[in-house]
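In what follows, a structure is listed as structure tokens, so that the remarks can point back to it.
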Amino acid sequence: MRPPTLFLDVRLDPVGGGLAASVSVYLATFDQNAKLTSYATVSVTQLQAAIQGRHVLIGTHGFKNSRWEGIDHLSNWATLLQFSQPAVFVGLLWPGDSVWAHGLDYPDEPKVANDAGWMIGPFLDQTFAGAASISFASHSLGARVVLATISHMNRRTRRAILMAGAIDNNCFNTEFAGQTGQIDKISVLASTKDDVLELAFPLGNLIGGIIAEGHPWFHTALGRSGPAEVMPDNFLQPFQIPSNWGYGHGNYLQIDGATPPAPIDPNVPPEGTPEPALGAAGWQEAFSAAFVSARFS
Numbered sequence: 427m428r429p430p431t432l433f434l435d436v437r438l439d440p441v442g443g444g445l446a447a448s449v450s451v452y453l454a455t456f457d458q459n460a461k462l463t464s465y466a467t468v469s470v471t472q473l474q475a476a477i478q479g480r481h482v483l484i485g486t487h488g489f490k491n492s493r494w495e496g497i498d499h500l501s502n503w504a505t506l507l508q509f510s511q512p513a514v515f516v517g518l519l520w521p522g523d524s525v526w527a528h529g530l531d532y533p534d535e536p537k538v539a540n541d542a543g544w545m546i547g548p549f550l551d552q553t554f555a556g557a558a559s560i561s562f563a564s565h566s567l568g569a570r571v572v573l574a575t576i577s578h579m580n581r582r583t584r585r586a587i588l589m590a591g592a593i594d595n596n597c598f599n600t601e602f603a604g605q606t607g608q609i610d611k612i613s614v615l616a617s618t619k620d621d622v623l624e625l626a627f628p629l630g631n632l633i634g635g636i637i638a639e640g641h642p643w644f645h646t647a648l649g650r651s652g653p654a655e656v657m658p659d660n661f662l663q664p665f666q667i668p669s670n671w672g673y674g675h676g677n678y679l680q681i682d683g684a685t686p687p688a689p690i691d692p693n694v695p696p697e698g699t700p701e702p703a704l705g706a707a708g709w710q711e712a713f714s715a716a717f718v719s720a721r722f723s
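Residue numbers for the sequence shown follow our numbering, beginning at 427 and rising by one.
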């Protein structure tokens, strides 16, 4: 049974639509079949009571997720996390389905994520003062939301864990170079078998061979190859999921409907290592949750 889950919500509409005018706080509750039974407003005071003195992990989704899909995937994934300290998970919903371009890094799509961060950062500074620490975990284009949020926060970020990041692999050295020093530890989880990032990233697929690796305009996605060669000092390795695992873009937060195997080794093993649990249903989301749990600790 899924426990109630707190959410920060900056969506204007359940499906599509733009950003709301402010951050709202909700509590999602579920029945015994993991079906959403209510999504009710919670006061800031209630939120502050829930996070007081605790290490907070804020988790967010990527592009093409409606409000209801975001709630479903994040609340399910949260049940797989294993915290080794007093901690609380808070989901973050943003309108990643408001714009769709065939390349994830075209101008309109980052703008929505950047604007969400502009709104969320000051809210966290003001509202989460009583938390022991703030950390982030993201999927896909949620990496941009997280980094943009950190860029608008005064408070330090304890951990930033970016899974399948749909953002340029040199983002730590260029656009968000100024934010890496605001984070205690940075982790990435990437897969070369992520077909979404391979095909949708306009420069990552080499534009039919016209632009080749090493060209100044070449960029691949952080979530396929990991960071560019110049890595921040606070970056934790390893990060590359073995290619033989066939780990795709949707596997990180997927819902199998099966009980994931336990325990799952949270460490990223060398290339060629057999996949966890010999392919048992649910191992992919169990692995991403185990990885985040270990890097969050």
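Beta carbons are placed, not taken as given, at the ideal position from N, Cα and C, and that holds for glycine.
None of the values given here were measured: they were computed from a predicted structure.
Taking D691 as reference, the option from G607, A707, Y452, A715 with the minimal CA-CA separation is A715. Cα atoms of V449 and N580: separation of roughly 18 angstroms, rounded to the nearest angstrom. For A563, the three-state secondary structure derived from DSSP is strand.
G479 is positioned such that its CB atom lies no closer than 9 angstroms to that of A555. Approximately 6 angstroms separates the beta-carbon atoms of M545 and V436; this is inside 8 angstroms, confirming the contact.
When the Cα atoms are used, N670 and P696 turn out to be separated by approximately 11 angstroms. Counting other Cβ atoms within 10 Å of its Cβ, V694 reaches 16 or more and is therefore classed as buried. The segment 605-619 makes contact with the segment 581-596: 3 or more CB pairs, one atom from each, lie closer than 8 angstroms.
Where R480 is concerned, there is no enclosing beta strand (DSSP E), because DSSP gives it neither an H nor an E. For G517, the enclosing beta strand (DSSP E) stretches over residues 513-519. E655 sits exposed, since fewer than 16 C-beta atoms from the chains shown fall within 10 Å of its C-beta.
In this chain, the beta strand (DSSP E) harbouring A446 covers 445-456. For D610, the three-state secondary structure derived from DSSP is strand. Within the same chain, L432, V451, Y452, L453 come within 8 angstroms of V468 by CB-CB distance, once the 5 residues on both sides are set aside. Using a Cβ distance threshold of 9 angstroms, G672 and E701 count as a contacting pair.
T583 sits in a strand when the DSSP states are folded into three classes.
In terms of Cα proximity to D439, the closest of A475, G496, Q474 is G496.
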